[in-house]
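Accompanying notes for the structure given below.
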Amino acid sequence: LNLSARQETHKGYLVHVKLLGEGVKKDFKEIKREDLEKFFAQLTKEGKKPITLFNYKTILRTFFRWLHKCTNGENPEVTAWFDMRKPRVIKLPHQIITLEEIKKCIQVCTNFRDRAILSCLWEAGLRKSELLSLRINSIEFVDFGAVIHLRQSKTTIRDIPVVHSVPSLKQWLEAHPIR
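The sequence shown maps to residues 92 to 270 in the working numbering.
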């Protein structure tokens, strides 16, 4: 299934809403605060991380706003109790992949494209949706390496300098079927 980043996002929203439906087993309009509290208690019991619970709340709040036809950012009673402060995710040094580890991963890649993808994801810190939005002309080779021009909005472009990814990027672009 080849979906755009936006379609992937919508698909993810539907998965969350579907899981709620399976967990609560009620018509969505009949769901009350108590049902959501039990649903989130079950997710917590299953070991879901705080950031995952936050993402569920964000998606479900948007869904219930739509379902109850709320306007002007108001929340329906069913989700008004949600604590929408985003939890801080702290990565410890041993949880972050090192340059040596990413080099090992890149070495076992069997094609130029995969090497370029892994290299850019690691060095530039790209999200998958950002990586998928890149085009050939998003990469500019300069004296010190390369710059990835990442469109953030209609009018804003973020320039990300990369050095370690340059050999992989050059190999991939030279072998690219459209180039």
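Each residue gets a CB set at the ideal place from its N, CA and C atoms; glycine is no exception. Remember, it's a predicted structure, so these values are computed and weren't measured experimentally.
Residue of the options minimising C-alpha distance to residue i
i      : options                           : result
Lys160 : Val257, Lys120 and Asp234         : Lys120
Ile150 : Asn163, Thr100, Phe232 and Pro268 : Thr100
Ser229 : Pro252, Gly138, Arg179 and His185 : Pro252
Lys182 : Ile142, Lys194 and Ile208         : Ile142
Val257 : Ile269, Arg249, Phe235 and Pro178 : Phe235
Cys200 : Thr246, Leu110 and Ser259         : Ser259
Val254 : Arg270, Ile269, Ile248 and Glu231 : Glu231
Asn202 : Leu217, Lys261, Leu110 and Ile122 : Lys261
Leu217 : Val180, Arg249, Lys116 and Leu111 : Arg249
Thr189 : Lys129, Gly138, Trp213 and Lys116 : Trp213
Beta-bridge pairing of residue i - partner residues as DSSP gives them
i      : result
Asp250 : His240
Val233 : Gly236
Cβ distance (whole Å) where residue i is taken to contact residue j below 8 Å
i      : j      : result
Arg152 : Phe131 : Arg152 to Phe131, Cβ: 12 Å. No contact.
Trp157 : Arg204 : Between Arg204 and Trp157 the Cβ distance is about 38 Å, and since that is not below 8 Å, they are no contact.
Lys215 : Ile239 : Position check: residue 215 holds Ala in this sequence, whereas Lys was assumed. Contact holds; Cβ gap of about 6 Å.
Val108 : Phe154 : 5 Å
Met175 : Lys148 : 7 Å
C-beta atoms of residue i and residue j nearer than 8 Å
i      : j      : result
Arg242 : Ser220 : no
Ser133 : Gly114 : It is worth fixing the name first, because residue 133 is Gln in this sequence and not Ser. Contact: yes.
Arg206 : Ile193 : no
Glu168 : Arg124 : yes
Ile208 : His267 : no
Lys117 : Asp126 : yes
Problem - Every unbroken alpha helix (DSSP H) within the segment 157-219, with a cutoff of 4 residues, ordered by chain - result: Whole alpha helix (DSSP H) segments, 4+ residues: 190-198 and 203-215.
Problem - Ranges of the alpha helix (DSSP H) found wholly within the segment 99-168, counting only runs of at least 4 - result: 124-136 and 141-158
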